[in-house]
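First the structure, in the form of structure tokens, and then the observations on it.
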Amino acid sequence: MQTKAAKRIAVSLIALTVAGGAQACEFKIGAAGPLSGAATQWGMAIKGAAEFVAAEANQRGGLKVGGETCKLQVVSIDTKYTAEGAAAAANNFASLGVKFILGPMGSPEVTGMKPLANRNKMIMFSDSYARDAIGPRWPLTFHMGPGPAAWGDPIVKLAKEKFGIKSALTIAPNDQAGTDVAEVAAEVYKNNGVTTRLEYYQRGTTNFAPIVTRIISANPDVVDTVSTPPGDAGILIKQLRQAGYQGVIGRLGGPGTEEILRIAGGKDVVRNFYWFEPVYIDEKVRKLQQDYRSLLKAEPPENNFFYLFVAGGRALTQAIEKAGTHKDAEKVAEALRVLQVSDPNLGEGKWIGQKTYGIRQELSLPFGIGLIENGEHKPDLRVEAPTDE
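When you line the sequence shown up against mature numbering (1 follows the signal peptide of the UniProt record, and there is no 0), it's residues -24 to -1, 1 to 365, in that order.
Encoded structure:
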């Protein structure tokens, strides 16, 4: 027969065991993107977003998953902006038991990772503009943001209004990451009555002289760098201006403006420039910047894809809680598809993608249009979340 003291000790041990079990619930989320090379900014945006989402959840005490309270850990892997690098990352994630991945960004990476993510039952939130970025064949691959087919139209209309453009040349790398988005962007220009030609270059090029000569000869009203990495775009623009090109610069492919301006030589060199901003920066978004500094004791990533991946990461953690599991990616995917996305910093979101990809797994959020006019950086314009319906 137990004494009262023995009973108290037994109860205390049970309580410690339960508490220890609750604290022991930890699982990993992956961050996959280029952490080296010309596209490093994009990879750092993904990594920073994953770390912030984890820190934010952990500060609240963790995620309530079923009967457990779980802490998040982040595993970041450099995909090197290649299919091989992304495939290797997927295998590493699988070996570590990672079921949820933010990233990767580029089409080659997504192409390399999708089959392995499917096979290993891992959800991935990518932001590729490839024609097959998502689809019914890839039920666990979600799209972090729509491509130019969804948001390009209002940007081209603004460019026509501001700069009177009638002809465009799109330039991008000669791989899937470049050709897919360049073709879509060209279609957006053509649909707005702008004659368009396409130009491609070998990824990693640092001397664009032959291409610059062809561009100068064609003399389009706008040269659009679409999905060209910011480092490459900056070099190209600098060489175009040095060669005497006076036209407008466009970018229907994504941000990286600060890096582009730094390499090209500043706003006075670029002069007239318009681009897609994944998010519209307002006070609510600036609050997210402050929260990042407070939680991680560092400056947030410069690239604005960071904010999109924060919104995607938050949606993912909500779906994990609603599904009640951090082990079954298919159940979490079911919860994601019906999740009403309302991000506290970015605003109301929509699930789209049926028209373009045949599956509604593309997260659409309000975005911005950036503009430099005659060397003066103008306030961004806000556009509500586009739809494909």
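All C-beta atoms, glycine included, are put in the ideal place defined by N, C-alpha and C.
So is residue i buried or exposed if we call it buried at 16+ other beta carbons inside 10 Å?
i: P206; result: buried
i: S318; result: exposed
i: L72; result: exposed
i: V224; result: buried
i: R95; result: exposed
i: I211; result: buried
i: P91; result: exposed
i: E338; result: buried
i: residue 380; result: The chain is shown from -24 up to 365; residue 380 falls before or after that span and cannot be answered.
i: G43; result: exposed
i: A194; result: exposed
Beta-carbon separation of residue i and residue j under 8 Å?
i: C46; j: F101; result: no
i: L228; j: A126; result: no
i: I141; j: F252; result: no
i: P122; j: I328; result: yes
i: residue 432; j: L272; result: Shown here, the chain extends from -24 to 365; a query on residue 432 therefore has no answer.
i: M81; j: L284; result: no
i: S203; j: G154; result: yes
i: A144; j: D208; result: no
i: V188; j: V29; result: no
i: F118; j: L341; result: no
i: T172; j: T146; result: yes
i: E352; j: Q17; result: no
i: A106; j: Q152; result: yes
Can you tell me the Cα-Cα spacing of residue i and residue j, whole angstroms?
i: T301; j: K214; result: 51 Å
i: K298; j: V41; result: 8 Å
i: A109; j: S270; result: 35 Å
i: A291; j: R358; result: 22 Å
i: I191; j: G19; result: 30 Å
i: G325; j: K263; result: 19 Å
i: G230; j: G323; result: 20 Å
i: E137; j: I131; result: 10 Å
i: E275; j: D244; result: 27 Å
i: G334; j: R179; result: 30 Å
i: G38; j: E360; result: 32 Å
i: I348; j: D356; result: 10 Å
i: Q330; j: E85; result: 23 Å
i: K97; j: K133; result: 42 Å
i: G128; j: A15; result: 22 Å
i: T55; j: P320; result: 30 Å
i: A62; j: I99; result: 14 Å
i: A59; j: A66; result: 10 Å
Consult DSSP for residue i and reduce its assignment to one of helix, strand or coil.
i: E324; result: strand
i: D200; result: strand
i: Q(-2); result: In this prediction, Q(-2) scores a pLDDT of 49, lower than 50, which makes its location untrustworthy; no coordinate-derived value is stated.
i: T58; result: coil
i: E360; result: coil
i: D129; result: helix
i: Y333; result: helix
i: L315; result: coil
i: E275; result: coil
i: P124; result: helix
i: K40; result: strand
i: I345; result: strand
i: M98; result: coil
i: P206; result: helix
i: T301; result: coil
Hey, is the segment 216 to 223 in contact with the segment 110 to 118, meaning 3+ C-beta pairs nearer than 8 Å?
No: fewer than three Cβ pairs fall under 8 Å.
Check whether the segment 166 to 184 and the segment 232 to 250 are in contact - that is, three or more C-beta pairs closer than 8 Å.
At 8 Å Cβ cutoff, the stretches do not touch.
Is there contact between the segment 7 to 17 and the segment 73 to 91, where contact requires at least three CB pairs shorter than 8 Å?
yes
Okay, do the segment 12 to 31 and the segment 46 to 55 touch, 3+ Cβ pairs below 8 Å being the bar?
Between the segment 12 to 31 and the segment 46 to 55, the count of C-beta pairs closer than 8 Å reaches three or more; the two stretches touch.
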